[in-house]
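In my numbering, the protein residues as written are 458 to 783.
Where a beta carbon is used, it is the ideal one built from N, C-alpha and C, also for glycine.
See structure below.
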Ligand code: AMP
């Protein structure tokens, strides 16, 4: 069935003269890689079409991947808008997407909001980039997949799958990654860009390790207050990144970062887990997401404590009914 959807998407791309591509807010490697990679493929394949990459926010972490476009509202007249890696319309990093004539959604999150005129959603994929690569390989006689485009797309797969470690990674993922590598990707430079850290960042990590708290049943969490963000000169994004520092504590199968969001007067919540599902918990706190990587929002310290309590209960129940967890 998805073969038909892919063909429909290709037909739409071929029939439009102007195409605008967008991703989700607070971009990660997959959102950036999939959109930049796809835009590069489209520009190389259709030099006569106008292809734009338009988003409202930006991530310093992935600045090495280059800039994006700004367009006037008239550009949307009669245009095709493609949104990649974005589960819900609220998360589209382009409020103008409704101005376009037609909308295509390409995504790997569990379907919660089929906002496109065409929706191609495969939630078993490790990354939206895996879908973009699959699309390019399906139509390889038509679409030009250069080394630069393949590098963007590979970036999204290696980051979203945590370097091919997530459970969604299967033989198909590696076959796709292999085909991308065959385009001549310079993995040494790519990984250097992904792993090099500023000294200031290492000092922040040291602070985080000193301040992680762990509940009775093993939920690890940290609260990045406004004061801490000021002390370390952090943006909301860089403060939010600390969630990754909590993931390797033995016995902590759920880990959570709470980050003061000054602009919204709320607290951003990033939830992660191993083995058990936390997306229902996120849903109870104005959020959602994947089984083991979800996001939510709380509006007070009391709500934060309540979420921690619920997470602790969930983990306690899991540990009481399962064996072999780490
Ligand atoms: P984050 O911690 O922001 O990286 O979010 C982890 C995953 O949860 C992302 O892949 C999002 O798709 C999803 N997510 C985050 N926030 C929300 C939300 N408010 N509603 C639905 N899904 C979300």
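- Just measuring C-alpha positions, the residue of 638, 549, 519 sitting nearest residue 482 is 549.
- For residue 774, the closest of 722, 754, 710 by C-alpha to C-alpha distance is 710.
- At least one heavy atom of the ligand AMP lies less than 6 Å from the C-beta of residue 544.
- Contact between residue 470 and residue 499 holds: their C-beta atoms lie close to 7 Å from each other, under 8 Å.
- C-alpha of residue 628 to C-alpha of residue 615: approximately 14 Å in a straight line.
- The DSSP assignment places 585-595 as complete runs of the alpha helix (DSSP H) inside the segment 569-611, in order along the chain (cut-off: 4 residues).
- In this structure, the alpha-carbon of residue 636 lies about 14 Å from that of residue 600.
- With a threshold of 16 other beta carbon atoms within 10 Å, residue 554 meets it and is buried.
- Rounded to the nearest whole angstrom, the C-alpha separation of residue 561 and residue 480 is 12 Å.
- For the segment 508-543, the full-length beta strand (DSSP E) segments reaching 3 residues or more read 537-541 along the chain.
- Per DSSP, residue 761 is one residue of the alpha helix (DSSP H) stretching across 758-778.
- In this structure, DSSP gives residue 694 a helical state, which the three-state scheme calls helix.
- In the displayed model, residue 545 falls within coil according to three-state DSSP, outside both helix and strand.
- Residue 506 sits in coil when the DSSP states are folded into three classes, being neither helix nor strand.
- Three or more beta-carbon pairs drawn from the segment 601-609 and the segment 494-512 are found closer than 8 Å, and the two stretches are therefore classed as touching.
- Residues of the same chain with a CB within less than 6 Å of the CB of residue 671, apart from the 5 flanking positions on each side, are 677 in chain order.
- Take the alpha-carbon of residue 692 and the one of residue 715: they are about 14 Å apart.
- A direct Cα-to-Cα measurement between residue 578 and residue 625 gives close to 15 Å.
- At least one heavy atom of the ligand AMP is found less than 6 Å from the C-beta of residue 746.
- For the 7 Å CB-CB criterion, residue 516 and residue 613 do not form a contact.
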